[in-house]
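Notes to accompany the following structure.
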Amino acid sequence: MSDSSIPDADIKRAPAVEHALRPILHARHLSKQVASGERRLTILSDLGLQVFPAESVAILGQSGAGKSTLLGLLAGLDAPSDGELELFGESLGQLDEDGRARLRAGRVGFVFQNFQLLPTLTALENVLLPLELSPRPGGSERARDWLTRVGLGERLEHLPKQLSGGEQQRVALARAFVTGAELVFADEPTGNLDPTTGARIIELLFQLNREAGTTLVLVTHDHALARRCDRCLRLENGHLVELTRDEVEA
Amino acid sequence: MSQSAAAPMQAATAARLLRLSARGLLRDLRASDVRALFVALTLAVAASTMIGFFLDRLDRGLTRQAGQLLGGDLVLEQGRPFDGELRRTLEEAGLTLSDQVDMVTMVSHGEAFQPASLKAVDDVYPHYGVVHVDFGDGIETSAQGPAAGEVWVSPRLALLLEAEPGDRIRVGEAELTLGGLIEREPDQSAGFGSFNPRLMMHIDDLGATHLVQEGSRVEFEILAAGPPQAVERVAGLLDRLRRDGVEVRDVRRDRPGLGSALERAEKYLSLAGLAAVLLAGVAVAMATRRYVERHLDTAALLRCFGATQRELARLFALQLLWLALVASALGALLGLAGQAALLALLTAFLPLTLPPPGWLPLALGMLTALAVLVGFAGPTLLRLRRVSALKVLRRELDPLPASAWLVVLVASLVFGGLLWLYSGDLALAVSLLVGGLIMLLALWGLGAILLGLVLRMTTRLPLRGAGSGTEWYQAVRLGGRQLARRRNASLGQLLAFAVTFFAMAMIALVRGDLLSTWQAQLPEDTPNYFAINIQPSERDDFVEALDAAADDRTALYPMVRGRLTAINERPPREVVPEESRGDNSLRRELNLTWQAELPEGNRVVAGEWFDELSPNEPPSGWLGAVDAEPGATTVPISVERGLAERLGLTLGDRMTFTIGGEEVVGDVASLRDLDWDSFRPNFFVIFPPGVLERFGHSYITAFHLDSGEGATLRRLVRTFPGVSLLNVDAILAQVREVITQVTRAVELVLAFVLLAGVSVLYAALTASRPARAHESGLLRVFGAGGRLISRVQGAEFAVLGLASGLMGALLAELATAGIYVAWLDLAPRLHPGLWFVLPLGGVLLIGVIGHLLSYGLRRQAPAASLGLLGEA
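Read top to bottom, the protein sequences are chains A and B. According to the numbering used here, the first sequence is numbered sequentially starting from -16. According to the numbering used here, the second sequence is numbered sequentially starting from 8.
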């Protein structure tokens, strides 16, 4: 991977239709089992999914349905028990954990339910963290710029504990987009926020996604959030089911 | 990717990691565990460099001083002139040579005759230092010896000869002018062998004296000076010369010792330095645990953002490496300041000017910091490498902690390596290490039993006490249960505290015992005068006069001079180890004595003393055992262990002495250790009574006389003009001053160890802070008041302090006994006070530090306390 291959977040990307035939993320017959005492528990079974560039996909499901497990697999944070998964055209099954990490570097962003900010780092330092692994010129300016975009230009030097929940999630959003990621995974991004703050965060997430032309995969049980996505899928009994707009509205 | 492209990329990655780690460390300085790590590493480096710098400078200073005392870096001595080829070889090796001839001869001035210790020197003399001479206008320094035609003499000889500068002194057949009075020679070494007053002359005048004749007792010396490499170049030649019977004195091999008290002090400093390093290591291990726990989330996030395992490992290792570098720099500065303080405290001990500090201790200090980091933090740190990226989604997915045994094993191996490095003794390092590990295992078991007991006792406490005792019962119950619940963490803390108390106590105990040993060694009435040359005819009168005048005196020892002429009926040089062929005992007459009782301060270490050999016969029974025929009958003799070791003698070996033309044969019946620092007459070889009496002999004794007893002294001198009295007050005062100053130095080092101990307590309590925060938060949620929480924590700390104090006391008793016997040559002793002081001190110290560190937690809202886990 070279820096030049990473699209700059500030440049609007080509429309999705041009990439329609080449999914950015492609899962085939994916399954995941875990040991539970002496039994093996199937969480995901024969699951398939294609996500195309600049598309936003929501994965809905009840608590314990395996949404976070699926997100972990799709992002290459965990290995499936069976099946194939391609990310950016590369088969994750062929890569070891370090290889998968290298594939993510600078190309994948994350937003977590519990923000996952490092408590000893300031807001600016937290945003700088992924840039330090995939450095690019003007990294510090870039981080400041993204924090300003999420409305925290005045709070660069604040530690997480000095920020509200909503502000912490804004920092997390800036951190997810700052590298110019092609794909952002979001795990219940509003799960720890009150409805009003959650709504603002959703607005901001989609605004940033739109501006950066990023592909977005989010797992949630929040239908309001899911409705904002291009496609919605529900995780049921280990399988993904495509939902119609009406089903989501319902 | 081509290889040529990969190299700059790797360099760029390395540079990025370096930058990233430095930046990460700067941010991390806010965290208490990083501060604890920093303090511990700084202390480890400071302690090791302070002691390293000091001992290195001392070693080089003593070598330099020894060179001055010897008269060169290398001194060769034999009874005949050296040949030219040897001289050329030495010069080609890079050594500057100076010739010297020594002998005892009679000199005269007018009607006055006096034996003198003659030293003939050349123009190169002295290699090191200056001669202090009074040429008639006060004392001046001279970088040369006397010119041809001149002699310089000691003031005592001038007095005895009634000569003044300008007078003509007859030396052999030559008459030379008295040019000056020698106040001090740079290469003067005092001893009973050089009692005759000094006469120094130029070597060119020696021929005219006709003193050097076939068979005359003359010592020819070559004094060589040069860098250590030059001496090293001729090492093989020196070994050959030793085998040929040439006495070879090498400044590095034959440097005068420090004396047992100071050797012990030196060992103590090394021991204390290692204790400080061990404590710092424990602190590092404790702080690293917390550091790693705090960075699990960071590691998981970085994995998410694309960091590989190797990058993670390098990143955190580099971060700690930066920390170690900064700590090393600060520690080295502290070490430098510390060694300067040590030197300032030891001015009487070190009248010599020491060379500036070298680089080696600094390098050793930094190596120590790195070793401590790798050994005590390494295995724990590897946990960060194993963090799964999935932890960002599932917090519970922490990698398993490093096995406690792996941590202990790696730390022990590294510490063992340091022990070896500092002591230079592999066997000692291995035995200490194995002993330490066994002890640790035993402590682990003991700790588990103690924790179990605590749990059992606290559960049996009544739920309700009487009156104000209720809350206390409750607090002790809760505190005990919390300790027992966190069994592994509590055991770890217990061990760390016990090792800390043990190290602190051991260093304090050894200090106290060393000081009392030193003080006992030189009591107020230590002899300050030696009386020699007491003739048998005046012996009883002298003893009577001395007993009336002196506070205390040693026994009177008869002294007979004899030459060792055979060992096991063969010439000694053929029997002794090669390196001892030039030993003084083979080249000069030895002072022999006879005694029925084992002299005070002597210890038989092998064989039996005379009275044990023939219990039915009085010691005087030996009197008839010696036949008039030389060598026909043997007697048992007792030999000093050091001499026996040098000459390769064991029990039963036969030694033949020639005394006044007769041979006396003795079988080695016992080996003795004796205290050379005791200011008492000491002898290499002791015969039983009844053997040596028939030879010409005189007596020697040592006695104590107060400084105000000048009149008594004058009376003694007048009454016994033939007896020589040597005043050793100045030496005694210097030794006492040395002991006082070494005591202060030892206390400075002790302070360092105590500081290192406190750093362990700080690190350990910091490491357990989040768990305590969580527990106190929960207690608050369930309705506990601030006072109860404070008492619960207080009870927990008190139990920890009490148990670790007891375990520390046990360890300290065992370890000090081992160290005394094996290393410091002191008698082991019990320290009952320790069993009260250490548990009580543990309760107070851990209680106070723990309570202070937990102050903020007690004031925190429960929500904050419960959210604190995983944060700084």
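Glycine included, every Cβ here is placed at the ideal spot set by N, Cα and C. Being a predicted model, the structure only gives us computed values, none of them experimental.
*asked:* Does the segment 294 to 301 of chain B come into contact with the segment 515 to 524 of chain B, if we say contact requires no fewer than three beta-carbon pairs (one atom in each stretch) closer than 8 Å?
replied: Too few Cβ pairs lie closer than 8 Å, so no.
*Beta-carbon spacing of B/V52, B/A339 below 8 Å*: Here residue 52 of chain B corresponds to residue number 45 of the second sequence, with the count starting at 1. Here residue 339 of chain B corresponds to residue number 332 of the second sequence, with the count starting at 1. Yes, the Cβ-Cβ distance between B/V52 and B/A339 is below 8 Å.
_Measuring alpha carbon to alpha carbon, tell me which residue in B/A336, B/Q326, B/D80, B/A237 is nearest B/T96._
As a working note, residue 96 of chain B is residue 89 in the second sequence. For B/T96, the nearest C-alpha among the options comes from B/A237.
*Check whether the Cβ of A/A209 lies closer than 8 Å to any Cβ atom in chain B.*
Translated into positions along the first sequence, residue 209 of chain A becomes position 226. Not an interface residue.
*If you follow the beta strand (DSSP E) that B/F933 is part of, which residue opens it and which one closes it?*
The shown model of chain B, from 8 to 879, leaves out residue 933 of chain B, and the question about it has no answer.
*Can you find a C-beta in chain B that's less than 8 Å from the C-beta of A/T103?*
Against the first sequence, residue 103 of chain A aligns to sequence position 120. Interface residue, yes.
*Would you say B/D2 faces chain A, with C-beta separation under 8 Å as the test?*
The question about residue 2 of chain B has no answer here: the residues shown for chain B are numbered 8 through 879.
*Select from B/A834, B/R836, B/Y769 the residue whose C-alpha is nearest the C-alpha of B/F804.*
Here the question's residue 804 of chain B lines up with position 797 in the second sequence. Checked all of B/A834, B/R836, B/Y769; the closest Cα to B/F804 is B/Y769.
*A/F160, buried or exposed, once every other Cβ within 10 Å from all chains shown has been counted against 16*: Counting from 1 along the first sequence, the entry for residue 160 of chain A is found at position 177. Under this definition A/F160 is a buried residue.
*Interface residues of chain A facing B/G313 [CB-CB closer than 7 Å]*: Position 306 of the second sequence holds residue 313 of chain B. Those within 7 Å of B/G313 in chain A are A84, R85, R87, A88, G89, L116, S117.
*Work out the CA separation of B/R721 and B/L654 for me, nearest whole Å.*
Taking the first residue of the second sequence as position 1, residue 654 of chain B is located at position 647. Taking the first residue of the second sequence as position 1, residue 721 of chain B is located at position 714. In a straight line, the C-alpha of B/L654 is about 43 Å away from that of B/R721.
_A/G163 at chain B interface by Cβ criterion, 8 Å_ = As a position in the first sequence, residue 163 of chain A is number 180, starting the count at 1. Not an interface residue.
_Cβ pair count under 8 Å reaching 3, the segment 23 to 33 of chain B against the segment 55 to 66 of chain A_ = no
*asked:* So for A/I7, helix, strand or coil by DSSP?
replied: Start at 1 with the first residue of the first sequence, and residue 7 of chain A comes out as number 24. Coil at A/I7, not helix or strand.
*Among B/E180, B/V178, B/V158, which one has its Cα closest to the Cα of B/E171?*
If you number the second sequence from 1, residue 171 of chain B lands on position 164. Taking only the C-alpha atoms, the option nearest B/E171 is B/V158.
*asked:* I'd like to check one pair, B/T719 with B/A556: are the Cβ atoms closer than 8 Å?
replied: Residue numbering aside, residue 556 of chain B sits at position 549 when the second sequence is read from its first letter. Residue numbering aside, residue 719 of chain B sits at position 712 when the second sequence is read from its first letter. Their beta carbons are under 8 Å apart, which means B/A556 touches B/T719 by this criterion.
*So who's on the other strand from A/V34, going by DSSP bridges?*
Walking along the first sequence from the start, residue 34 of chain A turns up at place 51. DSSP, once it has assigned bridges, lists A/L8 as partnering A/V34.
*asked:* Does the distance between the C-beta of B/A370 and the nearest non-hydrogen atom of the ligand MG fall short of 7 Å?
replied: Here there are no bound small molecules, and the ligand MG is not part of this structure.
*CB contact below 8 Å: B/P263 versus chain A*: Numbered from its first residue, the second sequence carries residue 263 of chain B at position 256. Because B/P263 sits at a pLDDT of 49, beneath the cut-off of 50, its placement in the model cannot be relied upon, and the following sentence gives the value as read from the coordinates. Judged by the 8 Å Cβ criterion, B/P263 is not in contact with chain A.
*Excluding five sequence neighbours on each side, which residues of the same chain lie with their C-beta closer than 6 Å to the C-beta of B/R570?*
If you number the second sequence from 1, residue 570 of chain B lands on position 563. Contacts found: E596, T665.
_Which of the three DSSP states is assigned to A/E186 in this structure?_
Sequence index remark: in the first sequence, residue 186 of chain A carries index 203 (1-based). A/E186 falls in the helix class under three-state DSSP.
_CB contact below 8 Å: B/L25 versus chain A_ = Walking along the second sequence from the start, residue 25 of chain B turns up at place 18. No, no contact with chain A.
*asked:* What residue range does the alpha helix (DSSP H) around B/F691 cover?
replied: Here the question's residue 691 of chain B lines up with position 684 in the second sequence. B/F691 -> no alpha helix (DSSP H), and no H or E assigned at all.
*Kindly identify the DSSP beta-bridge partner or partners of B/G673.*
Here residue 673 of chain B refers to the residue found at position 666 of the second sequence. The partner list for B/G673 (beta bridge, DSSP) reads B/V642, B/M662.
*Please check if any C-beta of chain B sits within less than 8 Å of the C-beta of A/P63.*
As a working note, residue 63 of chain A is residue 80 in the first sequence. No, A/P63 lies away from the interface with chain B (no Cβ there is under 8 Å from its Cβ).
*Helix, strand or coil: which one does DSSP assign to B/Y429?*
Looking up residue 429 of chain B in the second sequence gives position 422. Here DSSP, grouped into helix, strand and coil, assigns B/Y429 to helix.
*Determine the contact status of B/L303 and B/V394, defining contact as a CB-CB distance below 8 Å.*
Within the second sequence, numbered from 1, the residue matching residue 303 of chain B stands at position 296. Within the second sequence, numbered from 1, the residue matching residue 394 of chain B stands at position 387. Yes; because the gap between Cβ atoms is below 8 Å, this pair is in contact.
*Which bits of chain B does A/L54 rub up against, with CB to CB less than 9 Å?*
By 1-based counting over the first sequence, the position of residue 54 of chain A is 71. Ordered by position in chain B, the residues that pass the 9 Å Cβ test against A/L54 are L400.
*Can you check the segment 51 to 121 of chain B for any alpha helix (DSSP H) of at least 4 residues that lies completely inside it and give the ranges in chain order?*
91 to 99
*Write down the C-beta distance between B/G784 and A/A88 rounded to the nearest angstrom, noting that I regard them as a contact closer than 8 Å.*
The residue given as residue 784 of chain B occupies position 777 in the second sequence. The residue given as residue 88 of chain A occupies position 105 in the first sequence. Actually they are not in contact, since the Cβ atoms of B/G784 and A/A88 sit about 38 Å apart, beyond 8 Å.
*Would a check of beta-carbon distances place A/F71 closer than 8 Å to chain B?*
Along the first sequence, one-based indexing puts residue 71 of chain A at 88. For A/F71, the answer is no, since every Cβ of chain B falls outside 8 Å of its Cβ.
*Identify whether B/D618 lies in helix, strand or coil by the three-state DSSP scheme.*
If you number the second sequence from 1, residue 618 of chain B lands on position 611. If DSSP states are grouped into helix, strand and coil, B/D618 belongs with the helices.
*Going along chain A, which residues have a C-beta under 8 Å from B/D304?*
Position 297 of the second sequence holds residue 304 of chain B. Correct list: Q99, L101.
*Based on the DSSP secondary-structure assignment, which residues constitute the bridge partners of A/K15?*
Numbered from its first residue, the first sequence carries residue 15 of chain A at position 32. Bridge partners of A/K15: A/L27.
*Check whether the Cβ atoms of B/A283 and B/L50 lie closer than 8 Å to each other.*
Working through the second sequence from its first residue, we reach residue 283 of chain B at position 276. Working through the second sequence from its first residue, we reach residue 50 of chain B at position 43. Yes, these two residues count as a Cβ contact at 8 Å.
_Rounded straight-line distance, which links the Cα of B/G812 to that of B/R798_ = Along the second sequence, read from residue 1 onward, the residue named residue 798 of chain B stands at position 791. Along the second sequence, read from residue 1 onward, the residue named residue 812 of chain B stands at position 805. Those two C-alpha atoms are separated by around 20 Å.
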